[in-house]
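Shown next, in C-alpha cells, is the structure this report addresses.
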Amino acid sequence: MVKRIDHVAVVVENLEAALAFWRDALGLPLTRTERNETEGVAIAFLPVGESEIELLEPTDAESGIGRYLAKRGQGMHHVCVEVDDIEGTMARLTAHGVELINETPRLRDDGTRYAFVHPRSASGVLVELYQKPTG
Ligand code: ZN
68 MVKRIDHVAV
78 VVENLEAALA
88 FWRDALGLPL
98 TRTERNETEG
108 VAIAFLPVGE
118 SEIELLEPTD
128 AESGIGRYLA
138 KRGQGMHHVC
148 VEVDDIEGTM
158 ARLTAHGVEL
168 INETPRLRDD
178 GTRYAFVHPR
188 SASGVLVELY
198 QKPTG
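Note that the working numbering has the sequence shown beginning at 68, numbered continuously upward.
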C-alpha cells in the first residue's frame, strides 16, 4: 500500500541560489543539509506538511545527478512514495509489466530501503519507492 508522498526531488545548480526561492521567497523551513559522497550530491531538506522538498546539488560532475544536470539542466528529478511493503509493491509492479531500475531494494544508512521505477513505465516520471525502518 502506498502511504504518502515522502519527497519530491529537484536538481539544482547551486543550493544557496535555489534556497532564495524555496526557503526565502516561498517560506519553507530548511531543516538540514547533508552531503552524500557516495552519490556525489549535497541535499537540502525542506518539509512541506508530511512530505519534503529535496534539493539536490551535484558535488561531482561525473555522478548520476551531475550528468543529469549537464544533460537536462535544473528541474524535477523524481517523486518518492512511501510504501509499507517494498518487496510486495515491487512484485505487484512487475506483475503489471512495470520496468524497475533496481531489481531488489537498496539500503540507506538509516535503514530505509528504496528502489526506483523506470520513467518509461511511469508517465515519464522517475518514481522512487521508500520503506522506512519500523520501530
Ligand atoms: Zn529520493
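Cβ coordinates follow ideal geometry from the N, Cα and C atoms, glycine included.
Tell me the residue span of the beta strand (DSSP E) that contains residue i.
i	result
residue 76	69-78
residue 125	118-125
residue 113	108-115
residue 100	99-103
Does residue i pass the burial test, meaning 16 or more other C-beta atoms within 10 Å, or should it be called exposed?
i	result
residue 68	exposed
residue 161	exposed
residue 163	exposed
residue 156	buried
residue 174	exposed
residue 150	buried
residue 158	exposed
residue 111	buried
residue 125	buried
Starting from residue i, follow the alpha helix (DSSP H) in both directions and report where the run begins and ends.
i	result
residue 133	131-139
residue 85	82-86
Measuring only the C-alpha atoms, how far is residue i from residue j?
i	j	result
residue 178	residue 79	27 Å
residue 182	residue 197	7 Å
residue 186	residue 147	13 Å
residue 114	residue 98	7 Å
residue 129	residue 145	19 Å
residue 109	residue 165	30 Å
residue 200	residue 119	18 Å
residue 139	residue 93	24 Å
#### Entry: Neighbouring residues (CB closer than 7 Å to any heavy atom of the ligand ZN)
74, 76, 121, 145, 147 and 195
### Query
In chain order, which continuous runs of the beta strand (DSSP E) of length 3 or greater are located wholly inside the stretch 137-202?
142-150, 180-184 and 194-198
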